[in-house]
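Its first residue numbered 37, the sequence shown is counted upward by one per residue in this note's numbering.
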Amino acid sequence: MNLKPSRPIWILSIMSAALMFNACLRFHKDNRKSEKINEMHMEPLVIGLKPDPTLGLIDFDAATLFEQGTGYHEAGLCESALVYYLRLLEDFAASRYAPATVFNTARCLEDLGHLERAVAYYRRITKQTDRPELWMQAAYRESICLIQLQHYEEASERANELLASESLTVFEHMEFLNLLGEIFIQQNKTEQAQREYRKVLDLYQKHQEEQYLDPLPAAVAQFQIGQIKEARYRQAPLRLPEETIRQDLEVKARLLLEAQHAYLRTIRLGDAQYATQATYKIATLYTHLHEEIEKAPIPEGLDPQESIIYKNLLRHRTLVLLRKALHSFEMSLHLAERTPTQSELIENIRNEMKRIETILLSHQEPQRDQEQPEDETLHPSRSDL
37 MNLKPSRPIW ILSIMSAALM FNACLRFHKD NRKSEKINEM HMEPLVIGLK
87 PDPTLGLIDF DAATLFEQGT GYHEAGLCES ALVYYLRLLE DFAASRYAPA
137 TVFNTARCLE DLGHLERAVA YYRRITKQTD RPELWMQAAY RESICLIQLQ
187 HYEEASERAN ELLASESLTV FEHMEFLNLL GEIFIQQNKT EQAQREYRKV
237 LDLYQKHQEE QYLDPLPAAV AQFQIGQIKE ARYRQAPLRL PEETIRQDLE
287 VKARLLLEAQ HAYLRTIRLG DAQYATQATY KIATLYTHLH EEIEKAPIPE
337 GLDPQESIIY KNLLRHRTLV LLRKALHSFE MSLHLAERTP TQSELIENIR
387 NEMKRIETIL LSHQEPQRDQ EQPEDETLHP SRSDL
C-alpha cells in the first residue's frame, strides 16, 4: 500500500499524556512504593513522514523550535532564527514557549531594522501579558524602537508607564530615567534631558553605599550630560573684531572646561566602556579647539607680512592644545586596550595620535619630558584619569 499523506501527523498532548499515564500504571504494578501520578501535561508534537521543507525536521515540538531558534539567535543569525520562531508561533500558539518566542521575534526584527514589525510584536506582550517582568522588558524595547522611529510621544508614554511600575529596583529606575532623557535629547529638549539625568545621578549617589550598584546607568547619564555640554562648546563661535574674538575665546574655553569636567566625572564612576569614551572625548575637545583657532579669522588691518607673523605666533601658542590632546589620547588608548569590543575606537585613537605627532614633529616640538611645566587649567592630571 502506498500512503502519501499531504500533511504531517499530529499527536496531541492528551494522547501523549494518556500513553504516559498507562505506562506509569504498569510501573506501579511492579513498584508499589512509587508515588501515584494523577495528571501529566505534554505539549503537542508534529510527526511527519518526510522532512518539513522549511525546517528540515521530520518531527518537532515547540521546545525543539525554540531551541533551534535561540541557537541561531545567539549566533547573531536572526534571519535563520526567525524561521523557527515564526513557525513556533504559527503551530504552537498556546505553548508555554510562545511568550518568550514573541519577545525574541521582536528582538530579531529590531536587530534587522524592521522596527515597525518589532513594535507590533512587542505590543503583543505589552497589551496582553500578565507577567510583570516580561511586560517591563517588552515595554523598554518597544520604547527604544519608537525613539528610532521618531514616535516620541508614544515612546515618552511608554517610558512613563515603566517609571510608574511597582517595585522597581534602583537599577531599573535609573535605566528608565535614562530612557526618558534620551527621548528629550532626540527632541532637542536638553534642559528636560539634563533634569532626568541628574535624577539618575541622585539615585546612584543615594543608594551606592547601602547596596552594590552597577555604575553603568549613572555613567550613561553623566556621559550624556557631557555630550550636552560639549555641543554647547562646539557651537560657540569665534568672531571678529579682535576684542570680540578675545571674549569669544574666553567663553569657548569656559565651555570646554565644563564639558571636560562632566567627562571626568564619568571616568570616576568606574564603568570601563564609558570611562574610555569619556577620555577620548576630552582629547577631541582639545583637537577641536586647536582647529577652531587655526581657522579663526585674521584681525583686520594687518599687511601680508604681519598676517604671516600673526598666524605663526598663533600656531605656536595652540600647539599646547595638541600636546594636551595627545596625552588624553594615550590615556584613552590604555583604557580601550583593556576593554572588550573597542577595536574601532582603538583604531580611531591611533590614527589621531599619528596625525597629532606628525603636526608636532613638523614644528620641531621638543620632547614632552624636556618641556617646561605648562598651565594645566584646561587639562586633567593623570590622577584624574
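Think of the CB as a built atom: it goes at the ideal place given N, C-alpha and C, for glycine as much as any other residue.
- Residue ranges of uninterrupted alpha helix (DSSP H) with 4 or more members, entirely inside the region 289 to 333 and ordered along the chain, are 308 to 330.
- The criterion of a C-beta distance shorter than 8 Å is not satisfied by Leu122 and Tyr133.
- The secondary-structure analysis by DSSP pairs Asp97 across a beta bridge with Leu81.
- By the 16-neighbour rule on beta-carbons within 10 angstroms, Asp339 is exposed.
- Only residues of its own chain outside the window of five on either side were considered, and among them Ser343, Tyr346 and Lys347 have a CB closer than 8 Å to the CB of Ile334, listed in chain order.
- If only uninterrupted alpha helix (DSSP H) runs of at least 4 residues are considered, those enclosed by the region 217 to 280 are 226 to 243 and 252 to 271.
- Spanning the alpha carbons of Thr302 and Ile318 requires a straight line of approximately 11 Å.
- For Arg351, the enclosing alpha helix (DSSP H) begins and ends at Pro340 to Ala372.
- The region 321 to 337 makes contact with the region 266 to 276, as at least three CB pairs between them are under 8 Å.
- Following the DSSP letters along the chain, one finds Pro168 inside the alpha helix (DSSP H) bounded by residues Pro168 to Gln184.
- Going by DSSP, Leu198 is part of the alpha helix (DSSP H) stretching over Tyr188 to Leu199.
- The distance from the Cβ of Ser179 to that of Arg194 is about 4 Å, consistent with a contact at the 8 Å cut-off.
- In summary, Gln258 is buried, with 16 or more beta-carbon neighbours lying within 10 Å of its beta-carbon over all protein chains present.
- Counting the other Cβ atoms within 10 Å of the Cβ of Ala191 gives 16 or more, which makes it buried.
- Gln263 and Lys288 have their C-alpha atoms roughly 15 Å apart.
- Bounds of the alpha helix (DSSP H) holding Ser116 are Cys114 to Asp127.
- Only residues of its own chain outside the window of five on either side were considered, and among them Phe212 have a CB closer than 6 Å to the CB of Leu199, listed in chain order.
- One Cα belongs to Gln283, the other to Leu185, and the distance between them is close to 41 Å.
- As the crow flies, the alpha-carbon of Ala295 is around 43 Å from that of Tyr108.
- Between the alpha carbons of Glu266 and Leu291 lies a gap of roughly 7 Å.
- Burial of Pro253 is indicated by the presence of at least 16 other C-beta atoms within 10 angstroms of its C-beta.
- In this structure, Ala142 lies near Ala154, with their beta-carbon atoms less than 8 Å apart.
- When rounded, the separation of the alpha-carbon atoms in Thr226 and Leu321 is 20 Å.
- In summary, Gln104 is buried, with 16 or more beta-carbon neighbours lying within 10 Å of its beta-carbon over all protein chains present.
- Taking 8 Å as the cut-off, the beta carbon of Tyr157 is found closer than this to the beta carbon of Leu145.
- Taking a C-beta distance under 8 Å as the contact criterion, Asp97 and Glu79 qualify as a contact pair.
- The distance from the Cβ of Phe207 to that of Asp250 is about 6 Å, consistent with a contact at the 8 Å cut-off.
- For Glu388, the enclosing alpha helix (DSSP H) covers residues Ser379 to Ser398.
- In the three-state DSSP reduction, Asp284 falls in the helix class (H, G or I).
- Shown here, Glu146 sits in a helix according to DSSP, grouped into three states.
- Linking Arg268 to His324 through their CA atoms gives a straight-line distance of about 13 Å.
- Counting other Cβ atoms within 10 Å of its Cβ, Ser364 reaches 16 or more and is therefore classed as buried.
- Ala111 carries a coil assignment under DSSP once its states are collapsed to helix, strand and coil.
- Per the coordinates, the alpha-carbon of Met210 lies some 19 Å from the alpha-carbon of Ala311.
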